[in-house]
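K.L.:
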Amino acid sequence: MTQLGAWVSDGATRFAVRAPRAAQVWLCLFGEAGEERHTMAREGEVWAIAMPGNLAGARYGYRAEGAWAPEQGDWFDPSKLLVDPYARELDRRFVQFPALAEYGTDTGEIVPRAVVPAPARNPEKEAPRFRRGGLVYEINVRAFTMLHPEVPEPLRGTVAALAHPVIVAHLQRLHVSAVELMPVVAWIDERHLPPLGLVNAWGYNPVAMMALDPGLCPGGVEELRETVAALHEAGIGVLLDLVFNHSGESDVHGGVLSLRGLDNAAYAHAPDGSLINDTGCGNTLDFANPAVRRLALDTMRHFVGACGIDGFRFDLAPVLARGPGFDAAAPIFAQIAADPLLGDRVLIAEPWDIGPGGYQLGRFPDNWLEWNDRFRDDVRRFWKGEEGIAVLATRMAGSSDIFGENDGEAPCRSVNFLAAHDGFTLADTVAYRERHNQANGEDNRDGHGDNHSWNNGVEGPSEEPAINAARRADLEALLGTLFASTGTVMLTAGDEFARSQQGNNNAYCQDGPLTWVDWEARDRALEAHACALSAARAAHLDRFAHLPADVEWLTRGGVAMTVADWEDVGRDFLACRLGPGLEYAIDRGARQVTITGGGGLVPMDRQGTLGHDARAKGETPGVSGCKPGE
């Protein structure tokens, strides 16, 4: 199989790109004299050329000639400079221009150029730094670090900032098992955003799957590799959020930037030739196409091999197994499992897309974890007073109705979360009933309308002590519920200290104070509470990763729940004994959750320490969310 991309070997620099329907492809090298074009030779479905010498650091792109017949799936236009789908580095970020979508208009000056990578020695492959049941911490790299007062300004907003000691210390205090980085590869803004003065701040619109975004990671692969090494040294794994479901070339009105101008068959098409849009982003990558699967696998291999990445979260993951319906036995799953580099990596699915039959929660392979939105919704509904303890217990026990009965041996596959990058922040969940997305320029029509949220009496910020106390109690209870649950848990950065987006539940286009984490305004008491909860969980990680076969469900009086107890819709209390010395209790009436590793359910005081009686008995410290004023 022909190697793809650009690489230095045996005194030459070799370039190879897949363009099976092209009539001709040219390598374009850029230097002080401008653009030099070199005719490439066809080798089956691949076009290749070897240039003499070591060209590491040289900038390049491709141009392809062939039919221009979009209605038949051919978008060849030699006026378009095309980014290598296997580019490892780009010399600048993508910027939207009308010319990108105009046939015959040259884009050589506005499209980023790929950079020939220098030969590098990859780090030794190691086992993933992650244990099932641990805490996954979702991070928007730029928003997380832009305002941190102790991070040097040149590092703020970059991947390198995550390796700064002050950031590492925060992650360790929170007992983070792995950070999950929202997209860090090069993306382009959706074309409706620049006229509104907005940008894509999340990165879920990639063009180059392997090339790190020059703004987020100006030091390229080396910067990511060094950051991963620093986090590994601290015992923290690194997961990348990959967007393999679509590309930033968008719909038929989008630009010709890379795959569209080289191999448009990479996108799924309906029988009439129209683009299939199972993603809501204008196109869908076709994983029934072996070349698309190879691109995805090679991308994953690159990040594991070159940077030591521990695993991946897959955005709109059903697309990986579509053809056209979802196939739980799709080839990509077996290919990943059998791959020497990828077979032991952490794999997390976002198990839904917007295509037919797109909701596939619970149907991914047994070695995959899955985001569990049913946990989010049902737990929110419980604390809102709209759901009972029977449903809550199912979610707390690993969602067996979704993932099947657990024998207590296999780790639970559920990733339990209460908030993520899209949707309300955790603090906004208890402060807003309605979305407030006017700043997004779509008349507040975007974002989810049903958030299972509540405002405790006032919409948005309040100066009423009673309202703020109620919100604090709710946040403590929600965090306690999350950390007591069976499965892997996920927290979005800043939710541990009440980060707010002022009710915006679709802040993908907000790159500024609305989304940047304000470290100086954080709720330090809530942060300490979250750290204590996570510490209690970390001390018994295996118990939380597996649901023991002998788990006991208890009433407030400490006796086993009966059928009548489970059917009592007015019951507000639930306790669970996960085994000797580990229990938790959820009390909706008191807005309190308690986790204890001792012999009883012992609340903590406001500073997160045990009362005198518990210490005197030698019990293991417990954690609870306490009612305001206790």
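To convert, count from 1 in the sequence shown and add 2; that's the working numbering.
In this text, a Cβ means the ideal position worked out from N, Cα and C, and glycines have one as well.
In whole angstroms, give me the CA-to-CA distance for P130 and I350.
P.N.:
Distance between the alpha carbons of P130 and I350: 14 Å.
K.L.:
Can you look up C219 in the DSSP assignment and give me helix, strand or coil?
P.N.:
Looking at C219 - three-state DSSP - the assignment turns out to be coil, as it is neither helix nor strand.
K.L.:
Which residue from A330, A331, D497, I469 puts its Cα closest to that of V1?
P.N.:
What the structure shows of the chain is the stretch from 3 to 632, and residue 1 is not part of that stretch, so it cannot be assessed.
K.L.:
May I have the straight-line CA-CA distance separating T427 from A509, to the nearest angstrom?
P.N.:
C-alpha separation (whole angstroms): 10 Å.
K.L.:
With which residues is Y586 paired in a DSSP beta bridge?
P.N.:
Beta-bridge pairing links Y586 to C578, I597.
K.L.:
Go through its chain and collect everything with a Cβ distance to A69's Cβ below 7 Å, but skip five positions before and after it.
P.N.:
Contacts found: D76, F78.
K.L.:
If you draw a straight line from the alpha carbon of E430 to that of A566, how long is it in whole angstroms?
P.N.:
Before going further, note that residue 430 is Asp rather than Glu in the sequence given. If I take the Cα positions, the gap works out to 36 Å.
K.L.:
Run through DSSP, which three-state label would S416 get?
P.N.:
Here S416 sits in strand by DSSP.
K.L.:
Taking only runs that begin and end inside the region 12 to 87, name each unbroken beta strand (DSSP E) of 3 or more residues, in chain order.
P.N.:
Complete beta strand (DSSP E) runs here, min 3: 14 to 20, 26 to 33, 36 to 41, 43 to 45, 48 to 54, 61 to 67.
K.L.:
What does the alpha-carbon distance come out to for the pair Q5 and Y64?
P.N.:
Roughly 16 Å between the two C-alpha positions.
K.L.:
Please return the same chain residues whose Cβ sits closer than 7 Å to the Cβ of P54, not counting the five positions on each side in sequence.
P.N.:
Correct list, in chain order: A14.
K.L.:
Which residue's Cα is closest to the Cα of V254: G36, Q74, F17?
P.N.:
Ranking G36, Q74, F17 by Cα distance to V254 puts Q74 first.
K.L.:
Report the three-state DSSP secondary structure of L261 (helix, strand or coil).
P.N.:
The answer is helix: DSSP assigns L261 an H, G or I state.
K.L.:
Taking the continuous alpha helix (DSSP H) assigned at E529, which residues delimit it?
P.N.:
Segment 526 to 540, the alpha helix (DSSP H) holding E529.
K.L.:
Less than 6 Å between C-beta atoms, sequence neighbours within five positions excluded: which residues of the same chain meet that for D476?
P.N.:
Closer than 6 Å at the Cβ level, and outside the excluded window around D476, lie V432.
K.L.:
If we ignore side chains and look at the alpha-carbon of each, how far apart do Q504 and D513 end up?
P.N.:
Near 14 Å, if we compare the C-alpha coordinates of D513 and Q504.
K.L.:
Within a Cβ cutoff of 6 Å, which residues of the same chain sit near A298, ignoring the five residues on either side of it in sequence?
P.N.:
Excluding residues within five positions, the ones whose Cβ falls inside 6 Å are F246.
K.L.:
In terms of DSSP beta bridges, what is F316 paired with?
P.N.:
Partner(s): L244, A351.
K.L.:
Between G627 and the rest of its own chain, which residues show a CB-CB distance below 6 Å, the 5 nearest in sequence each way excluded?
P.N.:
Residue placement at G627 is flagged as unreliable, the pLDDT there being 31, under the threshold of 50; a coordinate-derived value is accordingly withheld.
K.L.:
Is M492 helix, strand or coil by DSSP?
P.N.:
Here M492 sits in strand by DSSP.
K.L.:
How big is the Cα-Cα spacing for F485 and V348?
P.N.:
About 20 Å.
K.L.:
Per DSSP, what kind of secondary structure is Y361 in: helix, strand or coil?
P.N.:
Three-state DSSP puts Y361 in a strand.
K.L.:
Please state whether the Cβ-Cβ distance between F96 and Y62 is less than 8 Å.
P.N.:
Contact flag unset, no.
K.L.:
If contacts are defined as beta-carbon pairs under 8 Å, then V381 and L394 qualify, I think. What distance do you get, rounded to the angstrom?
P.N.:
Confirmed, Cβ separation roughly 7 Å.
K.L.:
Check for me: the alpha helix (DSSP H) holding I311 runs from which residue to which?
P.N.:
First-last for I311: undefined, no H or E at that position.
K.L.:
Tell me which same chain residues have a C-beta within less than 7 Å of the C-beta of R501, skipping the five on either side of it?
P.N.:
So the list reads T427, A429, V519, once near-sequence residues are dropped.
K.L.:
Rounded to whole angstroms, what's the CA-CA distance from N636 to G250? Just pull it up for me.
P.N.:
Because the chain here runs from 3 to 632, residue 636 falls outside it and cannot be looked at.
K.L.:
Counting only the same chain and skipping the five closest in sequence on each side, list residues whose C-beta sits under 7 Å from that of A618.
P.N.:
Residue confidence is low: A618 scores 26 on pLDDT, short of 50, so the model does not pin down where it sits. Its coordinate-derived value is still stated next. Once the five neighbours on either side are set aside, A618 has no close Cβ partner at all.
K.L.:
Would the region 148 to 164 count as touching the region 222 to 230 if we require 3 or more Cβ pairs under 8 Å?
P.N.:
The region 148 to 164, when compared against the region 222 to 230, does touch it at the 8 Å Cβ threshold.
K.L.:
Just the Cα atoms here: how many angstroms apart are L264 and E554?
P.N.:
About 59 Å.
K.L.:
My assumption, with CB atoms under 8 Å, is that V186 sits in contact with L233. Please give the rounded CB distance.
P.N.:
That belief does not hold up - the Cβ atoms of V186 and L233 are roughly 14 Å apart, past 8 Å.
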